[in-house]
Each structure stands twice: as C-alpha cells, then as structure tokens.
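So the structure is just underneath, and the comments pick up after that.
Protein chains in written order, with my numbering: chain A, 12 to 143; chain B, 10 to 121.
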C-alpha cells in the first residue's frame, strides 16, 4: 500500500465521519427545545467545520486552506457572540441603583427558595437594617 | 520514517474523532442546556486539539504548522467566552430556571 493512498483513505474517512456528525448536530439544532440549544449546536457545527477544513488542507496539499480555517473560526465566534448578546438584557451602570431588567420572573424562584430554606441571611440583614 | 509520521497522524485523528463522537452523544443524552454545554466543551477543546495537531504533524514543519497552532490557540480562547455568554442567555431567559439550577444562598449570583 502506497503512503499517499493511506493518507487519502485516512483523511477521507475522517471527512465522512465529520459530515455525518454535522448532520446529526443539525437535527439537534432543529429539535432543540430552547434558543440556547440551537446556538450551542451551531457552535458545535462551526467547530467541526473548522476541523474538516483543516483536514481538507492536508488532503489537497493546499496551504491556503488553513487561512480559510482561521477566518472561519473568527466568523463562527462572532456569530455565536452576537446571537447570544442579543438575548442578554442591558446591564445597569455601576454605582447607580437601577433595577436590572429581568426577563425571567424571579418571584416564583424566591418563593421556592424561601419555602426551602426559610429566609436567607441577606434578607434578614436587610430587614434588621430597615428596623434600625 | 514516513510511516511513523503516518501512524502518529492516524492516532491523533482517531482520538479526535472519538472525542467528537462522545461530544455529540453527550449533547443528545443530556436533558438540559448547561449539561449539554459541558458535553460540547469536549469537542471544542480536546477534539479540536487532536485533529488540528494531527494535521500539523502530517504537514511537517512549515508555515502551515504555525497557522494551525495559532488556530488551536484562538479556539481555546474563544470557546470559553462563547460558552459563558450562552450560559448568561440561559440564566436570563429561562423562566423555569429554579427547577434546573441551584443558586447560592443569599440572593442572586450576579447581584451588584
């Protein structure tokens, strides 16, 4: 067996496995129940694509494909970051006491935590301060 | 000598494929996003390290090796950042988060 044939076989097998894994992660992105599942699977697809571009540069003996992999890594990172930042509410500035806009309702949780462990220590401290 | 390099490449590539496959299985078997992030981190770090270093071994010592090492460096810095932002999104938008996550006693974790 020639060594070029061996490399070709190895890289083609790895590329086929990567194609199957990308398809499986695409199904996960479709059926993901929440938005974070979808962003997570998009992130995984980006990582696998970077790996398959790196393998392709070895398969075709083309050096410039590694540059393409680098650019793809930056693009995938920026895409995930912007998709994530769109859903995070704006932060309150430091020093001022603004109420942070909460998208999830915290009232249920606070009731749940109080029913589990009574009053928390910080709330007790606040009440004492108010009385004094 | 060529065959030794081939076997090192094959071993690294197979290790990378195994870690990617385990990452995908973990993403399917876990039930909540925070656990899935943990499973996806395997592929983002160990899988990328093994596959890209396999290609660096296969290409020999030239400019491409430097680019591939810089690719590992870049992905290892950016992957935790994107995972952190994803967990922030999950914290702010999940209405039933108290069912899945436990918070520190004494209030919200990021209360300023």
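Every residue, glycine too, gets a C-beta built ideally from N, C-alpha and C.
Nothing here was measured: the structure is a model prediction, and the numbers come from that model.
Here residue 24(B) carries a helix assignment [DSSP, helix/strand/coil]. In this chain, the alpha helix (DSSP H) harbouring residue 45(B) covers 42-51. Taking a 10 Å sphere around the C-beta of residue 64(B), we find 16 or more other C-beta atoms and assign the residue as buried. Take the alpha-carbon of residue 79(B) and the one of residue 41(B): they are about 33 Å apart. Residues of chain A with a Cβ closer than 9 Å to the Cβ of residue 15(B) are, in chain order, 14, 17, 18 and 21.
Of the other Cβ atoms in all chains shown, fewer than 16 fall within 10 Å of the Cβ of residue 108(B); this residue is therefore exposed. Chain-order list of chain B residues neighbouring residue 81(A): 76, 79, 80 and 83, by C-beta distance under 8 Å. Within chain B, the residues placing a beta-carbon under 7 Å from that of residue 50(A) are 95, ordered along the chain. Counting only residues of its own chain and dropping the five nearest sequence neighbours on each side, residue 39(A) has a CB closer than 6 Å to the CB of 52.
No Cβ of chain B is located within less than 7 Å of the beta carbon of residue 37(A). Residue 92(B) and residue 12(A) have their C-alpha atoms roughly 44 Å apart.
Counting only Cβ-Cβ distances below 8 Å, residue 45(B) has contacts in chain A at 48 and 51, in chain order. Two segments are said to touch when three or more pairs of C-beta atoms, one from each, lie closer than 8 Å; by this definition the stretch 46-65 of chain B touches the stretch 23-38 of chain B. Residue 12(A) carries a coil assignment under DSSP once its states are collapsed to helix, strand and coil. In the three-state scheme derived from DSSP, where H, G and I count as helix and E and B as strand, residue 19(A) is classed as helix. Residue contact check for residue 95(A) against chain B: a CB pair falls below 7 Å. When the alpha-carbon of residue 97(A) is set against those of 46(A), 28(A) and 61(A), the nearest one is in 46(A). Annotation: residue 56(B) is outside any alpha helix (DSSP H) and is labelled neither H nor E by DSSP. At a cut-off of 7 Å between C-beta atoms, residue 58(A) counts as an interface residue with respect to chain B.
Between residue 57(B) and residue 25(A), the C-beta gap is not smaller than 7 Å, which leaves the two residues out of contact.
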